[in-house]
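Asker: Quick one: the structure is below, questions incoming.
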Amino acid sequence: MGRLERIVGQRLEKLDKLRSLGINPYPHCYQRSHTAKQALALFEQQEASQTPTELNLAGRIIAIRSMGKISFITIQDGSGKIQLFFNRAVLGEEKYTILKEVDIGDIIGASGTLFRTKTGEITLQVVNFSMLSKALHPLPEKWHGLVDIEARYRQRYLDLISNEDVMSLFVRRSSIIAAVRQFLHHRSFIEVETPVLQSVAGGAMARPFMTHHHALDRDLYLRIALELYLKRLIVGGMDRVFEIGRVFRNEGISTKHNPEFTMMECYQAYADYLDMMRLTEDMFSTVAQQVIGTTTVPCGDQTINLAPPWKRMTLRDAIREGSGIDFDDYPDIDSLQKKMRDMKMDVDMTKDRGRLIDELVSTCVEPHLIQPTFLYDYPIEMSPLAKRKRDDDHLVERFEAFIGGIEVANSFTELNNPLEQEERFKDQAHEHGKSADGEEEVIDDDFVLALEYGMPPTGGLGVGIDRLIMILTDKQSIREVILFPQLKTKE
RNA sequence: GGGCCGCUAGCUCAACUGGUAGAGCAGCUGACUCUUAAUCAGCAGGUUCAGAGUUCGAGCCUCUGGCGGCUCACCA
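Take a look at the structure:
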């Protein structure tokens, strides 16, 4: 028998012992009057007046210091920690003895009044307490917490219990998303929910997850973007619309990619990509100011300043600066491929020109963009949903925003010409069909039909929420900001 | 998918060149009326990720597999 089984066995015995004393170790509820934080604040406020209030506190036991006839127990709830003081002289022999069956990890409720110990710590003098949930497993070590990364992700609840900074990170994540929502609501965007299950997974070029609907006997895809449905709503007259939702991409996993992640997309009628640049700057800086109280945030050993205006560079200039290649000098796939191979870059033969340029960006430019930077005016091959630049047919009005060396936003002046949209879809399907690996390319005719009814000129913006949270919490891995990142199942 | 690194008690970590697997925390027994990483005395606790191989002898060397981390590839 392993030790863990023995520990669990010992705790099961304590469970029986409690039951035999007429105590239900898993009662249905507890009337909590204050959180730990509220209780501490209340005491500081009332300390002078000397009118002690009776409180009911509840939380998980994280430390027990027993000294014979008295015991100190620290509990932790969602708001923080507070110390409880158990005195046999106050509780009586019978109740005090029950403490023997209480372990670190158990959840208890305790009532009493607050006082200060000799060392000045605000503490609850317990006059009554009850078991709210008996824990059968020991908690991770109190001093080092849970360190093993794999265990932290697989048993995130233990991570949250024993690592305070992890708890506060996910609280911050919640605040960030709330702040994004509030920012958009204040600007009259309305929030919507669009289908996750789609018969055509459009709006981006990524491999989708496939599933099957039995009653309809049809294959369906999990969405890879929010774009095409939100633009249908622009057609429908929702002039400002947004969605924050999960999208799914059946591709590689890395420190910047999780198969499912949270995307915010918003669309604003009568706006163009320059308007969306200002919106992006305003949104990021407002959210940072609101959630962390400043627009300067640490990023490794550097400091990022999110205050507008952000640096703006054309994609062409950025690539020229980063790699020495002016892609206008290499107007076709072959010449660009040759140039890149001459520079000893590993060039994938199946890539089209857009993807080659994309590779130049991600290897030569992106890693250096630590301060917030907009790269704008992209080659048309890379962007089938974006509108052509007004004075250059080879470029589209599109930008991507980079912070801390990663892409955090993508935006364009939306293509609203249905005839051109259909052509661009066809070109793309054709191009991709040439290169490809048997993936079928289906055109979303229903979306084109919507455009045929007339979509106003529109600016669109997509933000990777998980990456935004990485920036605002100084985390290098997306898994640190997703509660349950995708891992292989064991066994 | 490739390369490199890792996996030892519930948790955090040791273990020399291949030579009896250890400590702290948690647990159990006892002492203790202001502790807070409580303290003191004692006890118990191991499929060293799994399997195979080399060897008199493997936590350590070799091979295969699993899981994780980093990185490259992939990725609008």
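Every position in the first sequence, counted from 1, becomes a number in the numbering used here once 351 is added. All C-beta atoms in this analysis are idealised placements derived from N, C-alpha and C, irrespective of residue type, glycine included. Predicted model only: the values in this text are computed from it and were never measured.
Is Ala737 buried or exposed, if buried means 16 or more other CB atoms sit within 10 Å of its CB?
Answerer: Here residue 737 refers to the residue found at position 386 of the first sequence. It is buried - the Cβ of Ala737 has at least 16 other Cβ atoms within 10 Å.
Asker: By the three-class DSSP mapping on this structure, what secondary structure does Lys826 have?
Answerer: Within the first sequence, the letter at position 475 stands for residue 826. If DSSP states are grouped into helix, strand and coil, Lys826 belongs with coil.
Asker: Buried or exposed for Thr809, please, with buried defined as at least 16 other CB atoms from any protein chain shown within 10 angstroms of its CB.
Answerer: The residue given as residue 809 occupies position 458 in the first sequence. Result: buried.
Asker: Helix, strand or coil: which one does DSSP assign to Gln476?
Answerer: As a working mapping, residue 476 is identified with position 125 in the first sequence. Strand.
Asker: When the Cα atoms are used, what is the spatial distance from Glu632 to Thr562?
Answerer: The residue given as residue 632 occupies position 281 in the first sequence. The residue given as residue 562 occupies position 211 in the first sequence. The straight-line gap from Cα to Cα measures roughly 38 Å.
Asker: Does the region 449-462 come close enough to the region 390-409 that 3 or more CB-CB pairs lie under 8 Å?
Answerer: The region 390-409 vs the region 449-462: in contact.
Asker: What does the alpha-carbon distance come out to for the pair Phe889 and Lys365?
Answerer: This structure cannot speak to residue 889, because the chain is shown only from 352 to 842.
Asker: Let me check one thing: in DSSP terms, what residues is His845 bridge-paired to?
Answerer: Residue 845 lies beyond the range of the chain shown here (352 to 842); nothing can be said about it.
Asker: Suppose contacts are defined by Cβ-Cβ distances below 7 Å. Is Arg362 in contact with Leu450 by that definition?
Answerer: Translated into the one-based positions of the first sequence, residue 362 becomes position 11. Translated into the one-based positions of the first sequence, residue 450 becomes position 99. For Arg362 and Leu450, no; Cβs fall outside 7 Å.
Asker: Whole alpha helix (DSSP H) runs in the region 501-562 with 4 or more residues, listed along the chain?
Answerer: Within the region 501-562, the complete alpha helix (DSSP H) runs of at least 4 residues are 507-513 and 515-537.
Asker: Is DSSP giving Val417 helix, strand or coil here?
Answerer: Counted from its first residue, the first sequence places residue 417 at position 66. The amino acid occupying residue 417 in the given sequence is Ser; Val does not appear at that position. If DSSP states are grouped into helix, strand and coil, Ser417 belongs with the strands.
Asker: If you check the beta carbons only, do Ile412 and Asp457 fall under 7 Å apart?
Answerer: Residue mapping note: residue 412 aligns to position 61 of the first sequence, counting from 1. Residue mapping note: residue 457 aligns to position 106 of the first sequence, counting from 1. It is a contact, given that the beta carbons lie within the stated cut-off.
Asker: Whole angstroms are fine: how far does the CA of Gly429 sit from the CA of Gln640?
Answerer: Start at 1 with the first residue of the first sequence, and residue 640 comes out as number 289. Start at 1 with the first residue of the first sequence, and residue 429 comes out as number 78. For Gln640 and Gly429, the distance between alpha carbons rounds to 24 Å.
Asker: Find out if the Cβ-Cβ distance for the pair Phe798, Leu548 is shorter than 7 Å.
Answerer: As a first step, residue 798 must be located in the first sequence, where it is residue number 447. As a first step, residue 548 must be located in the first sequence, where it is residue number 197. Not in contact: Phe798 and Leu548 (Cβ atoms no closer than 7 Å).
Asker: Shortest alpha-carbon distance to Thr613 belongs to which of Arg574, Met418 and Lys777?
Answerer: For the purposes of this step, residue 613 is taken as residue 262 along the first sequence, with counting starting at 1. For the residues Arg574, Met418 and Lys777, the minimum Cα distance to Thr613 belongs to Arg574.
Asker: At 3 residues or longer, and completely inside the region 622-672: list those beta strand (DSSP E) runs for me, N to C.
Answerer: Listed in chain order, they are 647-650, 653-656 and 662-665.
Asker: So the beta strand (DSSP E) Gly596 belongs to, where does it begin and stop?
Answerer: What you label residue 596 is simply residue 245 of the first sequence in a count that begins at 1. Element bounds for Gly596: Arg591 to Phe599.
Asker: Taking the straight line between their C-alpha atoms, what separation do you get for Thr724 and Leu497?
Answerer: As a first step, residue 724 is located in the first sequence; it is residue number 373 there, counting from the start. As a first step, residue 497 is located in the first sequence; it is residue number 146 there, counting from the start. So the two alpha carbons sit approximately 37 Å from each other.
Asker: Among the residues of its own chain, which have a CB less than 8 Å from the CB of Phe835, if the five just before and after it don't count?
Answerer: As a position in the first sequence, residue 835 is number 484, starting the count at 1. These residues qualify, in order along the chain: Tyr504 and Arg507.
Asker: Let's test the definition: count the other Cβ atoms within 10 Å of the Cβ of Gln427 and tell me whether it reaches 16, buried, or not, exposed.
Answerer: Residue 427 sits at position 76 when you count from the first residue of the first sequence. Its Cβ being crowded by 16 or more others within 10 Å, Gln427 is buried.
Asker: Which whole-angstrom value is the C-beta distance of Phe540 and Phe593, which I expect to be below 8 Å?
Answerer: For this step, residue 540 is matched to residue 189 along the first sequence. For this step, residue 593 is matched to residue 242 along the first sequence. Contact holds; Cβ gap of about 5 Å.
Asker: Quick check on the burial criterion: 16 or more other C-beta atoms within 10 angstroms. Buried or exposed for Tyr804?
Answerer: Translated into the one-based positions of the first sequence, residue 804 becomes position 453. With fewer than 16 other Cβ atoms within 10 Å, it is exposed.
Asker: If the criterion is Cβ atoms closer than 7 Å, does the pair Ile585 and Ala555 meet it?
Answerer: Numbered from 1 along the first sequence, position 234 holds the residue referred to as residue 585. Numbered from 1 along the first sequence, position 204 holds the residue referred to as residue 555. Cβ atoms of Ile585 and Ala555: not closer than 7 Å.
Asker: Pick out whichever of Asp510, Leu720 and Leu369 has its Cα sitting closest to the Cα of His295.
Answerer: Because the chain in this structure spans residues 352 to 842, residue 295 falls outside the shown range and cannot be described.
Asker: Would you decide whether Leu707 is buried or exposed? Buried here means 16 or more other CB atoms lie within 10 Å of its CB.
Answerer: Translated into the one-based positions of the first sequence, residue 707 becomes position 356. By the neighbour-count rule (16 or more Cβ atoms within 10 Å), Leu707 is buried.
Asker: Between the alpha carbons of Asp788 and Phe678, how many angstroms are there, rounded?
Answerer: Counting from one through the first sequence, the residue named residue 788 turns up at place 437. Counting from one through the first sequence, the residue named residue 678 turns up at place 327. A caution first: Asp788 carries a pLDDT of 45, below 50, which makes its placement in the model too unreliable to give a value.
Asker: So which of Ser481, Leu372 and Asp454 has the shortest CA-CA distance to Pro378?
Answerer: Working through the first sequence from its first residue, we reach residue 378 at position 27. Checked all of Ser481, Leu372 and Asp454; the closest Cα to Pro378 is Ser481.
Asker: Are Val648 and Ala530 close, meaning C-beta to C-beta below 7 Å?
Answerer: The residue given as residue 648 occupies position 297 in the first sequence. The residue given as residue 530 occupies position 179 in the first sequence. No.
Asker: Where Gly587 and Glu544 are concerned, what is the direct C-alpha to C-alpha distance, given to the nearest angstrom?
Answerer: Taking the first residue of the first sequence as position 1, residue 587 is located at position 236. Taking the first residue of the first sequence as position 1, residue 544 is located at position 193. Roughly 15 Å separates the two Cα atoms.
Asker: Buried or exposed: Thr843, going by 16 or more other Cβ atoms within 10 Å of its Cβ?
Answerer: Nothing about residue 843 can be read from this structure; the chain reaches only from 352 to 842.
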